[in-house]
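Colleague: Okay, handing you the structure first.
Number of protein chains: 2
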Amino acid sequence: MISAEFVGPHVVENEKKIVMLIMDGLGGLPAKDGKTALEYAKTPNLDALAADGAVGLIQPVGPGVAPGSGPAHFALFGYDPITTDIGRGALAATGIGFDLKQGDVAARINFCTVDENGAVTDRRAGRIATELNAKLCEKLGGISLEGVELFVRPVKDHRAVVVFRGPGLEAEVCDTDPQDIGVPPHPVTATEPGSERTAELARAFLAQAAERLKTEHPANMILLRGFAPHPVLPSFEQAYKLKAAAIAVYPDYKGMARICGMDIRETGTEEADEIATLEKDWNDFDFFYVHIKKTDSYGEDGNFDGKVHVIEVVDELMPRITALKPDFLIVTGDHSTPALYKAHSWHPVPVLTWGPWVRPDTATSFGERACEAGALGLFPSSELMMMALGHTQKLVKYGA
Amino acid sequence: MISAEFVGPHVVENEKKIVMLIMDGLGGLPAKDGKTALEYAKTPNLDALAADGAVGLIQPVGPGVAPGSGPAHFALFGYDPITTDIGRGALAATGIGFDLKQGDVAARINFCTVDENGAVTDRRAGRIATELNAKLCEKLGGISLEGVELFVRPVKDHRAVVVFRGPGLEAEVCDTDPQDIGVPPHPVTATEPGSERTAELARAFLAQAAERLKTEHPANMILLRGFAPHPVLPSFEQAYKLKAAAIAVYPDYKGMARICGMDIRETGTEEADEIATLEKDWNDFDFFYVHIKKTDSYGEDGNFDGKVHVIEVVDELMPRITALKPDFLIVTGDHSTPALYKAHSWHPVPVLTWGPWVRPDTATSFGERACEAGALGLFPSSELMMMALGHTQKLVKYGA
């Protein structure tokens, strides 16, 4: 009942609209004047929404667990983040719009640099330009492997994706990325007998890739990571009867949204572009996932002021969102990325809900400490979608 | 994932140190000036930690459930307190350092007094001295039973333990303690066919014990309670990769810690002795369970002032703990024992967490009411260990 897998029979369709605005890595730790970035930022619009709405704290996976973007997002989308284990390869492939099919195995490619002994000297090949990446992917796409179709596609910078398509492929294969320099890539190893065929193909692919890239510089080799099959998930349409749009700049987030059956909308690179897309698409969907990346990027860089600035930029855009009159608005993050910690952390994430049927609580601002005392309490991220359905009258009365 | 059974693969070892300070039965009810013992006690050091850290309330087993020490402690240690059912016999045996083996069945012995008709007149034989207990155990240890080895060991006062070792023993056998006086002990009954052999041995043991004790006074008989097999639990090392030390005065708590694979440290009988042991052992372990018994004892005696005093004694010792610079410090109880109620109760227990990566909340003192509004909210005791692992960076990021 409280997750995407089981809610289907209890959902009715209506015209009401939900907006889920995700500031990636929103939660923080006090680092300036005893305040977190969200507390420090000037956010008159978010504070007004908090005063008028209800706030709380969400826990993406569980107490003490710092989540990756995948589990954190699938929890926001209402799926169990522990059983919903989606490999990075599948995320990357769907993220660039590749039409991954049942039976495919996808893996992420990192172009890298190796020395004459085959030891990795740069795991990212100096972060080569996406244009060079595309050219190299064409070279690798020419590789032919017996009995399977092969697709090699650029993602961004030094990241690409490979998809193996053919009968009998499973994805229990270890990464070749040694996560270190001065050592050679790991050999390709299947961890389950059913994945031996995939491992064999990956070995052949790597051998030919080494041959085709050996005269390139700095991207003279590749590493493979996150072998993954096509995920099997009920879509937003199946689970919630929602026509869902995703507005995101970065490929991974588009990929996660596509796996959930969302329509990936064209947008620009700035926060304001994303809101313009929301306005433009307003009449065509009833669920909008809007993803703001830079709160997380600045958090990971340890740039407290940068994170504060992005939050203030988003705050200034809020009136354009509320002007659309969403029936339920969620503002939160997928996880915490405190600038002080410079990484994803386990700290619960402030969440704000607003709409005509939200019962206002006593909170009058949006921040970690204000959310502690909010009416929503501390709860799993995966319950948010149920709250959204309830507040938009999309859930039938349970029992007579 | 969120319990000791599943966390293993997600844990990494590092140098960071965790202290779990348990004041047994800490939670209370208002009984003086409208305050609980914890609220009434002068605790400047704990209050400062609460101001600097984050607080909440923990629930040992579930709403409304007053737990015994066993489930309450196993929950603190991160094990599911409902599925982790460890019999009192096994606790008692491991508590005195007996090397319980797989296949053994242990039961607690209470020396008691019976009249000429065999009716129990004192279930504790006037709480005989431990020295007499030891002498009587030697007598009982001389009993020989066909096909099994028998071990009888004193615990404390009128409490001892018996261990049956041999093939084909199971532990589904009822207590003989009638929990009342003026009635004879219950007969030994197996509740499962597989435990018939154990019941038969216990009957033979009781018959011979009656014979050997009949001239003793007041301990002229024994009652058997809590038949239990060797428990099967992942140890702290297996579950958390933690080298764990237990600092406790009473045998049962040592027993529970030993079952979890903790190293039981020699210590004195006073609270200050326990902190001295913590200081002495600081470099040799990365997890310290420190158990303070008297908060519970005074609670059970209905001695509010006594409980207040113990809390104040512990408060004065806190600077010695924080001087060690633990990376994560937990101060809480295993359950509530309100002096007003004179027994273990179901009321949630105040919990304080403190350390460099704790996000401070708005609480400025440590007490039941202050903890209500804390950032940690109300949560199961069994989640504490996950929080400890997270805050000491011992959990790998979950998912990419």
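For the protein sequence lines, the chains are X and D, in the order given. In this text, residue positions in the first sequence follow the working numbering: the first is 1, and each later residue adds one. In this text, residue positions in the second sequence follow the working numbering: the first is 1001, and each later residue adds one. Virtual Cβ for every residue (Gly too), placed ideally from N, Cα, C. This one's a predicted model, so the numbers in the text were calculated from it and none came from an experiment.
Going by DSSP, what residues sit across from residue 403 (chain X) in a beta bridge?
Modeller: The displayed coordinates of chain X run from 1 to 400. Any statement about residue 403 (chain X) would go beyond what the structure contains.
Colleague: Any residues in the region 1360-1375 of chain D with a beta carbon nearer than 7 Å to a beta carbon of chain X? Which ones, in chain order?
Modeller: Answer set for the region 1360-1375 of chain D: 1360, 1361, 1362, 1373, 1375.
Colleague: At least one CB of chain B closer than 8 Å to the CB of residue 1316 (chain D): is that the case?
Modeller: Among the protein chains in the structure shown, which are X and D, there is no chain B.
Colleague: Beta-carbon within less than 6 Å of residue 1261 (chain D)'s beta-carbon, same chain only, minus the 5 sequence neighbours each way: which residues are those?
Modeller: Result list for residue 1261 (chain D): 1235, 1236, 1237, in chain order.
Colleague: In the DSSP assignment, find the unbroken beta strand (DSSP E) run with residue 1059 (chain D) in it and report its ends.
Modeller: Unbroken beta strand (DSSP E) run through residue 1059 (chain D): 1054-1059.
Colleague: Would you mind reading off the limits of the alpha helix (DSSP H) that contains residue 1311 (chain D)?
Modeller: Note, residue 1311 (chain D): alpha helix (DSSP H), 1304-1322.
Colleague: Output the distance between the C-alpha atoms of residue 80 (chain X) and residue 382 (chain X), rounded to the nearest integer angstrom.
Modeller: Taking the straight line joining both Cα atoms gives about 7 Å.
Colleague: Residues of chain X with CB closer than 9 Å to the CB of residue 1397 (chain D), please, in chain order.
Modeller: Chain X residues near residue 1397 (chain D): 65, 66, 67, 68, 343, 344.
Colleague: Within the same chain, show all residues whose beta-carbon is closer than 8 Å to that of residue 1266 (chain D), passing over the 5 residues directly before and after it, in chain order.
Modeller: Counting only Cβ-Cβ distances below 8 Å, and skipping sequence neighbours, we find 1277.
Colleague: Could you tell me whether the Cβ of residue 61 (chain X) comes closer than 8 Å to any Cβ of chain D?
Modeller: With 8 Å as the cut-off, residue 61 (chain X) counts as an interface residue toward chain D.
Colleague: When you check each C-beta in the region 377-389 of chain X against every C-beta of chain D, which residues fall closer than 8 Å?
Modeller: The residues in question are 377, 378.
Colleague: To the nearest angstrom, how far is it from the Cα of residue 137 (chain X) to the Cα of residue 64 (chain X)?
Modeller: Using only the alpha carbons, I get a separation of about 40 Å.
Colleague: Going by DSSP in three states, residue 1354 (chain D) sits in which element: helix, strand or coil?
Modeller: The answer is strand: DSSP assigns residue 1354 (chain D) an E or B state.
Colleague: If you draw a straight line from the alpha carbon of residue 1163 (chain D) to that of residue 1107 (chain D), how long is it in whole angstroms?
Modeller: One C-alpha to the other measures close to 6 Å.
Colleague: Can you tell me which of D:1185, D:1375, D:1229, D:1017 puts its alpha carbon nearest to the alpha carbon of residue 1165 (chain D)?
Modeller: When each option's Cα is compared against that of residue 1165 (chain D), the closest is D:1229.
Colleague: Rounded to a whole number of angstroms, what is the C-alpha to C-alpha distance between residue 1032 (chain D) and residue 1059 (chain D)?
Modeller: Their backbone Cα atoms lie some 24 Å apart in a straight line.
Colleague: Quick one: is residue 1230 (chain D) near chain X, going by C-beta distance under 8 Å?
Modeller: No, its Cβ sits nowhere closer than 8 Å to a Cβ of chain X.
Colleague: For the alpha helix (DSSP H) that residue 132 (chain X) lies in, which residues bound it at each end?
Modeller: Here the alpha helix (DSSP H) through residue 132 (chain X) covers 130-141.
Colleague: Please state if the CB of residue 1123 (chain D) and the CB of residue 1110 (chain D) are separated by a distance shorter than 8 Å.
Modeller: Yes, the pair counts as a contact, with Cβ atoms nearer than the cut-off.
Colleague: Mind checking whether residue 942 (chain D) and residue 1176 (chain D) have CB atoms under 8 Å apart?
Modeller: Outside the shown range of chain D (1001 to 1400) lies residue 942 (chain D), about which nothing can therefore be said.
Colleague: With residue 301 (chain X) as the anchor, note down where its alpha helix (DSSP H) starts and where it stops.
Modeller: 294-301 is the extent of the alpha helix (DSSP H) around residue 301 (chain X).
Colleague: Using 8 Å as the limit for Cβ to Cβ distance, is residue 319 (chain X) near chain D?
Modeller: False, the Cβ-Cβ gap to chain D never drops below 8 Å.
Colleague: State the beta-bridge partners of residue 1026 (chain D) as determined by DSSP.
Modeller: Partner(s): D:1336.
Colleague: For the candidate residues X:215, X:193, X:185, whose alpha-carbon lies nearest to that of residue 206 (chain X)?
Modeller: The candidate whose alpha carbon is nearest that of residue 206 (chain X) is X:185.
Colleague: Decide if residue 280 (chain X) is buried, meaning its Cβ has at least 16 other Cβ atoms within 10 Å, or exposed.
Modeller: Residue 280 (chain X) should be labelled exposed.
Colleague: Taking 8 Å as the CB-CB limit, is residue 1001 (chain D) close to chain X?
Modeller: For residue 1001 (chain D), the predicted model reports a pLDDT of 40, less than 50, meaning its position is unreliable and no value from the coordinates is stated.
Colleague: Is there a Cβ of chain X sitting closer than 8 Å to that of residue 1391 (chain D), yes or no?
Modeller: Chain X, which has a Cβ nearer than 8 Å to the Cβ of residue 1391 (chain D), makes this yes.
Colleague: Is there a C-beta anywhere in chain D that falls below 8 Å from the one on residue 217 (chain X)?
Modeller: Output row for residue 217 (chain X): interface = no.
Colleague: Starting from the beta carbon of residue 347 (chain X), find every residue of chain D whose beta carbon is closer than 7 Å, and list them in chain order.
Modeller: Simply 1359.
Colleague: Taking 8 Å as the CB-CB limit, is residue 29 (chain X) close to chain D?
Modeller: It does; some Cβ of chain D falls within 8 Å.
Colleague: Give me the residue from D:1330, D:1251, D:1074, D:1157 with the minimum Cα distance to residue 1112 (chain D).
Modeller: Of the candidates D:1330, D:1251, D:1074, D:1157, the one whose C-alpha sits nearest the C-alpha of residue 1112 (chain D) is D:1157.
Colleague: Flag this pair as yes or no: are the beta carbons of residue 1243 (chain D) and residue 1285 (chain D) separated by less than 8 Å?
Modeller: Yes; because the gap between Cβ atoms is below 8 Å, this pair is in contact.
Colleague: Would you list the residues sitting across from residue 1377 (chain D) in a DSSP beta bridge?
Modeller: DSSP output for residue 1377 (chain D) lists D:1056 as bridge partner(s).
Colleague: Are the region 89-98 of chain X and the region 369-386 of chain X touching by the rule of at least three beta carbon pairs closer than 8 Å?
Modeller: Too few Cβ pairs lie closer than 8 Å, so no.
Colleague: Tell me the rounded alpha-carbon separation between residue 1360 (chain D) and residue 1054 (chain D).
Modeller: Each residue's Cα considered, the two are about 5 Å apart.
Colleague: If you check the beta carbons only, do residue 1039 (chain D) and residue 1368 (chain D) fall under 8 Å apart?
Modeller: Yes, Cβ-Cβ distance for residue 1039 (chain D) and residue 1368 (chain D) is below 8 Å.
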